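Keeping their order, the protein sequence lines are chains A and B. Each residue of the first sequence is one higher than the one before, starting from 1 at the first, in the UniProt record's numbering. Each residue of the second sequence is one higher than the one before, starting from 1 at the first, in the UniProt record's numbering. Positions of the beta carbon are idealized from the N, C-alpha and C atoms, including for glycine. Note that this is a predicted model, so its numbers are computed, not measured. This report refers to the structure that appears directly beneath it.
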Amino acid sequence: MAVELDVFVGNTTIMDEEVYQLWLDGYTVNDAVRARMEGGVLDEFDATADVLLSDTMDQYRTFQMCERLLHSPAKLANQLLFQIPPHRQTMLIERYYAFDDVFVREVLGKKLSKGTKKDLDDISAKTGVTLKSCRRQFDNFKRIFKVVEELKGPLVENIRQHFLLSDKLARDYAAIVFFANNRFETGKKKLQYITFQDFAFCAGQLINNWTVGAVGEGLCKTKNNMVEDMDVDLDKEFLQELKELKVLITDKDLLDQHKSLVCTALRGKTKAFNEMEANFKNLSRGLVNIATKLTNTKDVRDFFIDLVEKFIEPCRSDRWTAADVKLYLTHYTNSAHILDTFKHQVVWDRYMGVIKSCIFKMYHD
Amino acid sequence: MPGKLKAKIVAGRHLPVMDRASDLTDAFVEVKFGNTTFKTDVCPKSLNPQWNSEWFKFEVDDEDLQDEPLQITVLDHDTYSANDAIGKVYIDIDPLLCTEAASIISGWFPIYDTIHGIRGEINVLVKVELFNDLNRFRQSSCGVKFFCTTSIPYSYRAVMVHGFVEELVVNEDPEYQWIDRIRTPRASNEARQRLISLMSGELQRKIGLKVLEMGGNAVVGYLQCFDLEGESGLVVRAIGTACTLEKFSSGSASITCPHPSTAPPSNACNSPKDGKELVFGEELPLSSGPPTPFRALPSSSSSPPPFSPSKPCSRQSSSSDTDLSLTPKTGMGSGGSAGKEAGPLKTLLRQQTQTTLEQREFPFFTLTSFPPGFLVHVGGVVSARSVKLLDRIHNPALGNARSYKLLDWNSVTADEPETRDAWWEEIRQEIKSHAKALGCHAVVGYSENTSICEEVCILSASGTAAILNPRYMREGCLDVGSIDHRFDDPSPPNCGFCHIPYDELNMPFPAQLAYCYQCRRQKVPDVLFTTIDLPAEAAVTGKGCLIQARLCRLKKKAQGEVNATAISNLLPFMEYELHTQLMNKLKLRSMNALFGLHIQISVGENMLLGLASATGVYLTALPAPGGIQIAGKTPGDLNNEQHVAAIQKRINDAIAKNKELYQINPPKLFALDPEVFCGTTMELTDEGVGSPIPEPRQRSRIFRSHSESSDELSELDLSHGKKDAFVLEIDDTDAVEDIHSLLTDAPPPAGFHSCSTETMPGIYNWTSGIQMFTSVRVLRLNNTNLTNQGLNKIFTDLCENLLKSFYFKLRSTVPCCLCHLNFTVAVPEEELVQVSVTAVAMTFDKDQNQEKPPEKATTKGGSETEDQLQFPLELSADSSSTSPQPSKISGVAENTIVSTRAVSVDYGSFADRCSTWLELLRLKAHTIRRGSVKTSRRTQSLAHSVSSLEHCSPLPEGRSRSLCSSRSFGVGSVTMVKMTPLSFLPGTRIIKYLGIINMFFIRETTSLREEGGVSGFLHSFIAEVFAMVRAHVAALGGNAVVSYSMKDCVLMENPNKNQAQCLINVSGDAVICVRETDQEQTTNTGQTCGTIDGAT
């Protein structure tokens, strides 16, 4: 005696959020049944394992049929096959596009290609995220990347509209797309301590301030064709202008003047003053060099590793606190304005604004 | 050319990719009606094409308009090879032919392909311009409204109920034609879908013609079925009840519709009285003493007492034969001779016009719930079955049919359907004679079905014998809204239907009668089985529950006549056992009546399956059921006796537990009638309830018979012979098994209820949450050496597990009730058992009114009375009379003693009742006179049971409650369409019926594994069927389907070939419903809600 067929179809599609999560997490039907049993559904409701199995199978089938629609979420709202109340639709989409930070951390900045997809087994083994779930997440990244790649206008807004995602999730995806597009190096050992959320924050900063479409305070050159420009690529003109900052380290007078201004401001305000004073030229050279090299794609990729090597690591070895870093960078940035011969205030602000907030975010253990 | 059909193709979306190279599609559309085809332009390289075509116009006969569907085919244009079909949409334009239904069809339809399923959607506009046709000989019947709903539809009143209409059409099944060998599966499926669409269109038109002939304008309870007879053809048949309906003004409709949740309180004492109605009451004193005019008639017409099932079979069949021979040949033109037929029906008919009389060949009604007062008495279930051999009967006709072209109706119908007609006619005659034997002139809740396996076909029909109020058969007399005819009816209206319709001295079968526990005046049986819904006015104690009897019988594989005979021989045993199971399960739950009984017997190659489902209730008017006693076969054996005692204890415990579970606490009535005064106690095992007829034997209310192909009739006595039914003898292991199976039926988990009827007796405050579902389970029996016992266990477990699955899946909706649980069993192949279930889960308010603190409720009632009622005096007077002091009343002869416990409940329900009256009174204020209230108080029935108050009072409050809590969902770009097998949607009011939905789909696959196996295949198919039904309803402008049912779900699979095919037939009524925000009611409910919140 065997159950040959067993289906349950509701006019309004019945979906259990718990089972949906198990499905998204890549559990097999049997694993899901086990997980549910351990979760205690059976205790709160008098049912047997058979009932649980049957229910899980039904739900899994439903999700599989829905998956096609979830690939283009706008379809979910006007398809006719499943009658799903709007708030449930939102839940389905949001959960489907949700991802594990540990997983995304692994693929962040990598090319979303078949090659990377082949490495998913290793990533799965390393992160403990099931291969199925890895594939779904990877495919989501790829799908969104593909769609927004060809779209004009603000990146976050495009993602939100095309995939009906929440603002938070749309921002995260924007970061992923941005990293994938610019191929930022994130995998180096020195960068391991930086979480996805740190990177996502930095990506947001870069998108908002350094791209062509960026609108920000202190941005003098407002582009007329802004709406049509993309958020995905860094502003080439701006990168060129950054070369001008070189004067801060090449001009000996300027460098000394800058140092004395900063030191005057810092004196007595921090325990790490001596280290700051000693390291000033080194640190300043590091930051300005990063700026001047950004015209090279290769150096753009190494942006984060450079920040860590040239600034964060020296500070950390001198045991600066986060407050010290903040204090230092604030005065470092502001003092440049007082330099009479330094003419590139706007570019400086646009550059240092981002650098400052990125370093704040990244300066932790 | 009396009709112009216009269609416009607007756009498509989500089309599949047809050109792999470009990942796009070059789509165009063919629009076909009859033999005319139009095409749109090709919309190149788009998955979301915009055609925005001109209006394609078809000038056609209205006859064709009724028969033919509009056929829309979406294709992919291909320059070099043949165009590929993407899929089709069939649109039934019947709803547009009726002025009161939809006026335009406009919306997105799923594009359906029988191989690939839904492939995108298409936006279509369809309109019809009808010209008046004055031709008296026309073949069309446009304008006749069809309803699947088995009650008078909401917002309509039945001016007249004309009676039974039936028709069937036959054709060859395209799947079995020679051409099928060379055409593709897709072409074959489409030919079949189209043919069935045509056949049902034709069937509906023909039935419409019959209705017009009868002078009606609508068919209610329309039930259409397909018989896939394989080689021998395809039968589409339908039955229904012809009525003349009239639309209500919307205001009064909501208060007068017959459904319990909206029905007015059955306390007639406070209902308004109308002079006109009074006249009817006087004209037809229905229950002044036992011999009513109708009840007297059966005994006079058939001077030998009507046959009794307890008598030998031969006697049965002969009497049945006599009956048949008395009946004149009942062809369509036999109206004249029908007059010779004597019987209660005739009395009824004599009062009617001659034309109606001619039609009343079968006094059958497919309705299951009725306007108050329609049903006078109910006799019991009548059923008939017949086993037929398909090919044998078919041969001569088939020879002819083969030579005809497909769809050549006239020539085919000349020969073929007559055979089928004759079969059904035979069965209907039997039903009719059974009803007559029960002293009834009509059959209500009537339905027919078949089960086919290879060449053997079991035809079954069943219904409930009843006596109806003849007022409803006459023109202009029926007013659904009137509830006051009961005033002058000395028997209280809420127990009248329980009273026996037959003469107690000439009982059709041995039965144990007792005086009605409500009115104490007339006799009632101890158990009542019916196929109808519980009448709204019926008083019920406690709650009801689903009761199922399940049975498997092995049968030897055989061919032809041997097979048919074997089946015929098995049928009586199956019916007997199903009946015994039902009876025992009923007793075990301490209940005394079954409603919505549906018995299905399904035939397979090597077994027969029987499944009976019903809703068990405790009718207050009927005596308390006795317990079940276990007797050992060998008394004296000590071990055995202990064993028996142990089982007896378990059973008694189960009964006690069930009583608690279903809250069956009947009020202890001390009858004052000296004749029945002797101890009416509620002891478990007490069976004697002071019946004046000392009849110790068990009685049965199911009349059944079956006839095999040889037309031999036999009758079965379902009574239990000489022994008491409730004594179960443990004489062998089988019996032990039976008892075990009796006890293994698990009650639903906390928060759940289930029933097979529309609503659950005893539950009131429905909220607006509903979830309709269809579930199918197929079991493969690998074990070839199965015994009957083993099979029974497997089958029982299958049904029980299905129920458990439902409870689990719907656990988030508690408290809820699974309503209209409709189980269908089939044996699709040897060793396969298929059970399909369609039901709706409806949520209700946890806070049932009975639990409310009585004082507060009283205050509420009081304040409302003072504030809003014009006549507080009458009501307060009434309050004292309905809540009597026990001590005071005990001596008063003309009153009922209610137990103390009951009285305390009474306060609360009285208060509720006040608010109920309030609502009613306010709406009907103009008809209320002070006098009527007084009069009614005087005529108030003697035995007011507590539960009757409970039953009737909380309803309107429940409705208002659901109103308060109802919140509207944000509507997306797709209209939400609710579906329910019930005739109503809680918390809403149906404002318009848009037409009948009757759809037939075939789905086939040659990649079963890829589609997720047979489960995945069926899952998506059912989802697709739902989607297509919803789309059609939305296109008609509707937002819900009521009376939805899945008539057929035929699944064939061949996993080895990676193939499967499935046929599904669904039907229902498309409606527009609105939340109950009628202004009058909002103000009303607003106040009521306020008070509820205060009280709780």
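Verify the CB distance criterion: does residue i have a CB-CB separation below 8 Å to chain D?
i	result
N801 (chain B)	Looking at the structure shown, chain D is missing, and the protein chains on hand are A and B.
For residue i, which of the options has the nearest alpha-carbon?
i	options	result
P761 (chain B)	B:V540, B:K978, B:L390	B:V540
S174 (chain B)	B:F362, B:E167, B:R194	Sequence inspection shows Pro at residue 174 (chain B); the Ser mentioned does not correspond to that position. Of the candidates B:F362, B:E167, B:R194, the one whose C-alpha sits nearest the C-alpha of P174 (chain B) is B:R194.
V617 (chain B)	B:N592, B:E605, B:G107	B:N592
F362 (chain B)	B:V840, B:S447, B:E1053	B:S447
V840 (chain B)	B:F365, B:V1042, B:N1058, B:S568	B:V1042
K585 (chain B)	B:R520, B:P747, B:R428, B:G790	B:P747
K132 (chain A)	A:K117, A:F145, A:R105	A:K117
Y993 (chain B)	B:F1021, B:G107, B:G1068, B:R1030	B:G1068
M574 (chain B)	B:N665, B:L821, B:G380, B:L611	B:L611
H344 (chain A)	A:A180, A:E17, A:V247, A:V177	A:V247
V1029 (chain B)	B:G1012, B:Q1061, B:G995	B:G995
What are the partner residues of residue i, as DSSP defines its beta bridges?
i	result
A614 (chain B)	B:I547
L164 (chain A)	None, per the DSSP bridge assignment.
V169 (chain B)	B:V236
N822 (chain B)	B:T838
K293 (chain A)	None, per the DSSP bridge assignment.
N1054 (chain B)	B:Q1059
M1046 (chain B)	B:V1066
E129 (chain B)	B:K4
Y20 (chain A)	Note: Y20 (chain A) sits in no beta bridge, so no partner.
For this session: Check each residue of the stretch 1009 to 1038 of chain B: if its Cβ is closer than 7 Å to any Cβ of chain A, include it; give the result in chain order.
Result: G1012, V1014, S1015, G1016, L1018, H1019, S1020, I1022, A1023, E1024, F1026, A1027, R1030, A1031
Exercise. Is the number of C-beta pairs between the stretch 41 to 51 of chain B and the stretch 88 to 98 of chain B that are closer than 8 Å three or more?
Worked result: no
For this session: Kindly confirm or deny that the stretch 154 to 166 of chain B and the stretch 64 to 74 of chain B touch, where touching means at least three C-beta pairs closer than 8 Å.
Result: no
Exercise. Is the stretch 349 to 360 of chain A in contact with the stretch 267 to 286 of chain A, if contact means three or more CB pairs nearer than 8 Å?
Worked result: no
Exercise. Which residue spans inside the UniProt domain "C2" (1 to 109) of chain B form an unbroken beta strand (DSSP E) run of at least 3?
Worked result: 3 to 13, 27 to 33, 36 to 39, 56 to 60, 70 to 76, 84 to 91
For this session: Return the residues of the stretch 5 to 38 of chain B that lie within a Cβ-Cβ distance of less than 9 Å from chain A, sorted by chain order.
Result: R13, H14
Problem set entry | Selection of the stretch 54 to 86 of chain A by Cβ proximity to chain B, strictly under 8 Å | S54, D55, M57, D58, R61, T62, Q64, M65, K75, A77, N78, Q79, L80, L81, F82, Q83, P85, P86
For this session: Note down, in chain order, all residues in the stretch 768 to 786 of chain B with a beta-carbon under 7 Å from any beta-carbon belonging to chain A.
Result: Q771, M772, F773, T774, S775, V776, R777, V778, L779, R780, L781, N782, N783
Exercise. Are three or more beta carbon pairs between the stretch 38 to 49 of chain A and the stretch 140 to 154 of chain A nearer than 8 Å?
Worked result: no
Exercise. Counting only runs that start and end within the stretch 91 to 137 of chain A, where is the beta strand (DSSP E) found for 3 or more residues in a row?
Worked result: none
For this session: Could you please tell me which residues of the stretch 823 to 843 of chain B, in chain order, have their CB closer than 7 Å to any CB of chain A?
Result: L832
For this session: Would you list, in chain order, the members of the stretch 31 to 47 of chain A that have their beta-carbon closer than 7 Å to a beta-carbon of chain B?
Result: F45, D46, A47
Problem set entry | Selection of the stretch 976 to 989 of chain B by Cβ proximity to chain A, strictly under 9 Å | M976, V977, K978, M979, T980
For this session: Return the residues of the stretch 743 to 762 of chain B that lie within a Cβ-Cβ distance of less than 7 Å from chain A, sorted by chain order.
Result: P749
Problem set entry | Ordered list of alpha helix (DSSP H) runs contained in the stretch 556 to 602 of chain B, each at least 4 residues | 560 to 588
Problem set entry | Members of the stretch 9 to 20 of chain A near chain B, C-beta cut-off 9 Å | V9, G10, N11, T12, T13, I14, D16
Problem set entry | Near-chain B residues of the stretch 231 to 255 of chain A (beta-carbon distance less than 8 Å), N- to C-terminal order | none
Exercise. Is there contact between the stretch 311 to 320 of chain A and the stretch 334 to 341 of chain A, where contact requires at least three CB pairs shorter than 8 Å?
Worked result: no
For this session: Please list the residues of the stretch 101 to 122 of chain B that have a C-beta atom closer than 7 Å to any C-beta atom in chain A, keeping them in chain order.
Result: W108, P110, I118, E121
Exercise. Name the residues in the stretch 93 to 124 of chain A whose C-beta lies less than 9 Å from a C-beta of chain B; which are they?
Worked result: none
Exercise. Does the stretch 798 to 810 of chain B come within contact of the stretch 572 to 588 of chain B, defined as at least 3 CB pairs closer than 8 Å?
Worked result: no
Problem set entry | Complete beta strand (DSSP E) runs within the stretch 732 to 804 of chain B (minimum length 3 residues, chain order) | 752 to 754, 766 to 780
Exercise. Hey, is the stretch 776 to 788 of chain B in contact with the stretch 23 to 33 of chain A, meaning 3+ C-beta pairs nearer than 8 Å?
Worked result: no
For this session: Answer yes if the stretch 555 to 568 of chain B comes into contact with the stretch 366 to 381 of chain B, meaning at least three C-beta pairs across the two stretches below 8 Å, and no otherwise.
Result: no
For this session: Please name the residues in the stretch 161 to 174 of chain A whose beta-carbon is closer than 9 Å to at least one beta-carbon of chain B, in chain order.
Result: none
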